[in-house]
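Worksheet for the structure shown next.
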Amino acid sequence: MSAKPEDAIPSRRDLANAIRALSMDAIQKANSGHPGAPMGMADIAEVLWNDFLNHNPDNPHWADRDRFVLSNGHGSMLIYSLLHLSGYDLPMGELKNFRKLHSKTPGHPEYGYAPGIETTTGPLGQGISNGVGMALAEKVMAAQFNKEGHDVVDHRTYVFLGDGCLMEGISHEACSLAGTLGLGKLICFYDDNGISIDGDVVGWFADDTPKRFEAYGWHVVADVDGHDPEAIRAATEMAIVQTGKPSLICCKTVIGKGAPNKEGGHHVHGEALGDDEVAATRKNIGWAYAPFEIPAEIYAGWDARSKGKMVEKSWNDKFDEYKKAYPDLAAEFERRMAGDLPANWQQEAGKFISSVNEKAESPATRVASKGALNGYAPLLPEFLGGSADLTPSNNTFHDKSVYINSNTGPEKDFSGNYLSYGVREFGMSAIMNGIALHGGFIPYGATFLMFSEYARNALRMAALMKIRSIFVYTHDSIGLGEDGPTHQAVEQIPTLRMIPNMSVWRPCDTVETAVAWKCAIEKKEGPSCLIFSRQGLAFQQRDDATIANIAKGGYVIKDTGGVPDVIVMATGSEMALVMEAAEASGKKVRVVSMPCVELFEAQDAAYKESVLPAAVTARVAVEAAIMDGWWKYVGMKGTVVGMTAFGESAPAPQLFEHFGFTTDNVMKAINSVA
0 MSAKPEDAIP
10 SRRDLANAIR
20 ALSMDAIQKA
30 NSGHPGAPMG
40 MADIAEVLWN
50 DFLNHNPDNP
60 HWADRDRFVL
70 SNGHGSMLIY
80 SLLHLSGYDL
90 PMGELKNFRK
100 LHSKTPGHPE
110 YGYAPGIETT
120 TGPLGQGISN
130 GVGMALAEKV
140 MAAQFNKEGH
150 DVVDHRTYVF
160 LGDGCLMEGI
170 SHEACSLAGT
180 LGLGKLICFY
190 DDNGISIDGD
200 VVGWFADDTP
210 KRFEAYGWHV
220 VADVDGHDPE
230 AIRAATEMAI
240 VQTGKPSLIC
250 CKTVIGKGAP
260 NKEGGHHVHG
270 EALGDDEVAA
280 TRKNIGWAYA
290 PFEIPAEIYA
300 GWDARSKGKM
310 VEKSWNDKFD
320 EYKKAYPDLA
330 AEFERRMAGD
340 LPANWQQEAG
350 KFISSVNEKA
360 ESPATRVASK
370 GALNGYAPLL
380 PEFLGGSADL
390 TPSNNTFHDK
400 SVYINSNTGP
410 EKDFSGNYLS
420 YGVREFGMSA
430 IMNGIALHGG
440 FIPYGATFLM
450 FSEYARNALR
460 MAALMKIRSI
470 FVYTHDSIGL
480 GEDGPTHQAV
490 EQIPTLRMIP
500 NMSVWRPCDT
510 VETAVAWKCA
520 IEKKEGPSCL
530 IFSRQGLAFQ
540 QRDDATIANI
550 AKGGYVIKDT
560 GGVPDVIVMA
570 TGSEMALVME
580 AAEASGKKVR
590 VVSMPCVELF
600 EAQDAAYKES
610 VLPAAVTARV
620 AVEAAIMDGW
630 WKYVGMKGTV
640 VGMTAFGESA
650 PAPQLFEHFG
660 FTTDNVMKAI
670 NSVA
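Residue numbers (numbering that gives the first Met the number 0): 0 to 673.
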C-alpha cells in the first residue's frame with residue numbers, strides 16, 4: 000500500500016479514521032469486541048480530544064487534568080486508540096493484544112491497567128454516574144481550595160455514553176442529582192445511534208431524551224450531527240459556557256460508521272467486522288495503510304504531549320503562586336490529592352480509640368459509628384459523607400458536617416462536606432466511586448443494609464478498582480424488628496463477604512466500631528462495608544493488647560486457662576449472648592470475635608493458628624445471618640447458630656428468641672460439640 004507524503008497535513012476525517020482503523024483491526028485480530036461505538040463516535044472523540052481536553056499524556060495523574068469517561072465501556076477500543084494516538088504509554092503492541100491475558104487493553108476499560116483510564120466501565124450507566132462523582136468532587140474541591148485570583152481547581156469532566164447507559168435506571172438517579180446540584184463542568188456526549196444489541200431501539204426506548212434531561216435541569220443541545228466536526232465543536236463551546244448546568248450533547252451518529260455493508264445495523268455493535276468487511280471499510284474511508292499502521296503525519300496530528308506539558312506547566316506556575324500566598328492550603332491540597340492521611344493521624348486515632356474504651360458505653364453501633372465520625376472528622380477534612388435519605392437513622396451527620404445541598408432552600412454551599420443523595424442507593428454508591436477516583440476525598444455513604452442490594456454492582460466495581468469508598472450500612476439484621484423481612488438483612492452480610500477486595504466489618508461494640516472506621520480510612524487499596532446495629536449492644540472489656548488485635552479482623556476476646564474445650568465465634572449483636580453462654584456453660588470456652596473475616600484471612604498462618612488452633616475441633620459460630628460461610632471455620636464437627644430463612648415482623652427481642660439467638664440455645668450448641 001502506498002503512503003501519504005510525510006509533510007501532508009491530515010484532515011479531521013483522517014484523524015478520526017485512525018480511530019476507526021485501529022479499532023476494527025484490534026477487534027478483528029482478537030475476533031472479539033465492539034466496533035460499532037468506536038467507529039460511530041470517532042468524529043466526536045477527535046474534536047473533543049484535539050480541541051478541548053486538557054490533559055498531559057506524560058503525566059496521567061496531573062491533579063487539574065480534565066477527566067474523560069467512556070461510560071459505554073464496551074467500545075473500549077475507542078479509548079485505547081485515543082490513548083495510543085495522543086501519546087500515552089500504551090504502545091501498539093498492547094493494541095495488538097486487545098482482550099488477551101494480562102494485556103493493558105482488556106475487553107472493557109479497567110482502572111489501573113492502561114494510563115489515562117479514569118474508571119472501569121462496562122456495566123452500563125455506572126460510567127456516567129462516576130462522572131457525576133468526579134464533577135461533584137471538582138466543585139467541592141474548588142470551593143474548599145480556590146481563592147480569589149487563584150483557581151487551582153478548574154477542570155471539566157467529559158463523558159461519552161450511549162442508549163444503553165440511558166436505559167439503565169442508575170442514569171436517572173445520577174443525572175437527576177447532577178442537574179439539581181448544577182454541576183456545570185460535567186459535559187456528556189450522547190451517542191444517539193438508535194441501535195442496541197436487539198436492533199432498532201425504537202421498540203423499547205422511545206424516551207424524549209432531550210426533554211428528559213431538560214427536566215433534570217441540564218443544558219441540552221439536541222440533534223447535533225455526530226459526524227460534522229464543526230457542529231460538534233460548536234455544541235461543545237455552547238456547553239462550556241453553561242457553567243450553572245451540566246450539559247448533554249445529543250449526537251446523531253451511525254453505528255459502525257465507515258463499514259459499507261454493516262454500518263447502521265445491530266450486528267456491528269458487538270461483532271468483529273470480518274476480513275472482507277475490514278478490507279471494504281479501508282477502501283470506503285480511504286485508509287491506505289496496513290493493519291496497525293499509522294503514518295507519521297497522523298501521529299503528529301494526534302500527539303498531545305507538547306500541548307499537555309505546556310498546559311500542565313501553566314498550572315504548575317499558577318500553583319507556585321498559590322503556594323506563596325496560601326502555603327498551608329497548598330500543602331493540604333497536595334496531601335489530599337496524594338491520598339495520604341495527616342501526619343498526626345495514627346497518634347490521634349489511637350488516643351480516640353483509647354478514650355472510647357475508657358468510656359465503656361453500650362449504645363447501638365450505628366450510634367457508636369457517629370461517635371467515631373465525631374472523633375475522626377476533625378482530623379480528616381477530606382471526609383465527604385452522605386446518606387440515601389436516611390441521615391437521622393444512619394447517624395452519618397457528624398458534628399463537623401456541613402450540608403452541600405441543604406434541605407431548607409436552593410442555595411448550595413459547595414465548601415461543605417455532606418450530601419443528601421435522596422433515595423438513590425445505587426446512584427450514591429457509583430457517585431462515591433467517582434469521588435474516590437477523582438482524588439482529594441474519602442467518600443462515605445449510608446443506607447440500610449438491606450438496600451445494599453440496590454447498590455451491589457457499584458460495590459463490586461469499587462472492589463474491582465481497589466478504591467477507597469466506605470459504604471455504611473445500618474439496621475443490620477432481624478434486630479431491625481417491626482419493619483419485617485422486607486427490611487431485615489439475612490443474606491447480605493455473607494454475600495458481601497464474597498466480593499474480592501472488600502472488607503466487611505460487623506463490630507460488636509463501640510471499640511470495634513472505632514477500629515472498623517480507622518481500618519476503613521487507612522485502607523487505600525479497596526473499599527469497606529461498615530455494618531451497624533439498630534439496637535444497643537453491650538460493651539466488652541479488653542486490655543490494650545486485645546484492642547490492638549481487633550485490626551487483625553479476628554481475635555480472642557475471652558479465653559480460658561489451658562486448652563479450651565470449645566471455641567465460639569461471633570460478630571456484632573450476637574457477641575453479648577455468646578459471652579453470657581460461655582460464662583454459664585461450665586466448660587472451658589474460648590470466645591473469638593470476628594468483626595472482619597477478610598482481614599483475619601489476610602493474617603499469617605501462625606496468627607490464625609493462635610486464634611483458631613487446629614487441634615480444637617469443637618467449634619460454634621453465632622451470627623444473625625445466613626450461616627453458610629461459617630462452616631469454613633467450624634468444620635464438620637462444629638455447628639452454627641444462624642439464619643436459614645427470612646425474618647418476620649415483630650419486636651427485635653421476640654425475633655431473636657424466635658430464631659434461636661438466646662443464651663440457652665448457644666449453650667445447647669456448645670454442649671452439642673464439646
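Yeah, the Cβ is synthetic: ideal placement off N, Cα and C, and Gly gets one too.
None of the values given here were measured: they were computed from a predicted structure.
One Cα belongs to Lys-138, the other to His-268, and the distance between them is close to 36 Å. Across the set Val-665, Ser-648, Phe-645, the C-alpha of Val-665 shows the shortest separation from the C-alpha of Met-568.
Separation of the CB atoms of Gly-72 and Thr-120 is rounded to 3 Å, and the pair is thereby assigned contact status at 8 Å.
Of all C-beta pairs linking the region 160-177 to the region 17-25, fewer than three are shorter than 8 Å, placing the two stretches out of contact.
Taking C-beta atoms as the reference points, Asp-150 and Lys-317 count as a pair closer than 9 Å. Taken in chain order, the complete beta strand (DSSP E) segments of 3 residues or longer contained in the region 496-574 are 502-504, 527-530, 554-557, 565-569. With respect to Asn-432, His-397 sits apart: the two C-beta atoms are not nearer than 9 Å.
Of the candidates Phe-332, Ala-359, His-265, the residue whose Cα lies closest to the Cα of Asp-542 is Ala-359. Lys-587 has its alpha-carbon roughly 8 Å from the corresponding atom of Val-562. Excluding the 5 residues flanking it on each side, Leu-135 has same chain C-beta neighbours closer than 7 Å at Leu-180, Leu-182, Ile-430, Ile-434, in chain order. In this structure, the beta-carbon distance from Ile-549 to Ser-592 falls below 9 Å. Between Leu-176 and Val-131, the C-beta gap is smaller than 9 Å, which places the two residues in contact.
As computed with DSSP, Leu-418 is found in a beta bridge with Gly-385. In chain order, Ala-258, Asn-260, Lys-261 place their CB closer than 7 Å to the CB of Glu-276, counting only its own chain and leaving out the 5 sequence neighbours on each side. Assigned with DSSP and collapsed to three states, Thr-662 falls in helix.
Ile-186 sits in a strand when the DSSP states are folded into three classes. Looking only at Pro-612, Tyr-632, Asp-13, the smallest Cα-Cα distance to Ala-620 is reached by Tyr-632. When DSSP assignments are scanned along the region 576-623, the uninterrupted stretches of alpha helix (DSSP H) that are 4 or more residues long and fall wholly within it turn out to be 596-600, 604-610.
Burial check for His-60: the Cβ neighbour count within 10 Å stays below 16, so the residue is exposed.
Here Thr-156 carries a strand assignment [DSSP, helix/strand/coil]. An exposed status is given to Gln-540, since fewer than 16 other beta-carbon atoms sit within 10 Å of its beta-carbon. The DSSP assignment places 66-69 as complete runs of the beta strand (DSSP E) inside the region 6-69, in order along the chain (cut-off: 3 residues).
At the C-beta level, Pro-341 and Leu-383 stay beyond 9 Å of one another. Going by DSSP, Val-401 is part of no alpha helix (DSSP H) at all; its letter is neither H nor E. One thing to note: Glu-311 has its Cβ within 9 Å of the Cβ of Asn-55. Burial is judged here by how many other beta carbons sit within 10 angstroms of a residue's own beta carbon; Lys-557 has at least 16 and is buried.
Per DSSP, the unbroken beta strand (DSSP E) holding Phe-470 starts and ends at 469-473.
With respect to the C-alpha of Asp-206, the residue from Asp-224, Met-166, Trp-629, Thr-242 having the closest C-alpha is Met-166. As a beta-bridge residue in DSSP terms, Leu-247 pairs with Cys-187, Val-219.
Taken through DSSP and simplified to helix, strand or coil, Lys-146 comes out as strand. In the DSSP assignment, Phe-413 falls outside any alpha helix (DSSP H) and carries neither an H nor an E. Ranked by Cα distance from Ala-454, the first of Ser-532, Gln-125, Ile-239 is Gln-125. Distances from the CA of Ala-513 to each of Ala-445, Ala-371, Val-220 were compared; the closest alpha carbon is that of Ala-371. CA-CA distance, Ala-329 to Arg-335, rounds to 10 Å.
For Val-639, the enclosing beta strand (DSSP E) has its first and last residue at 638-642.
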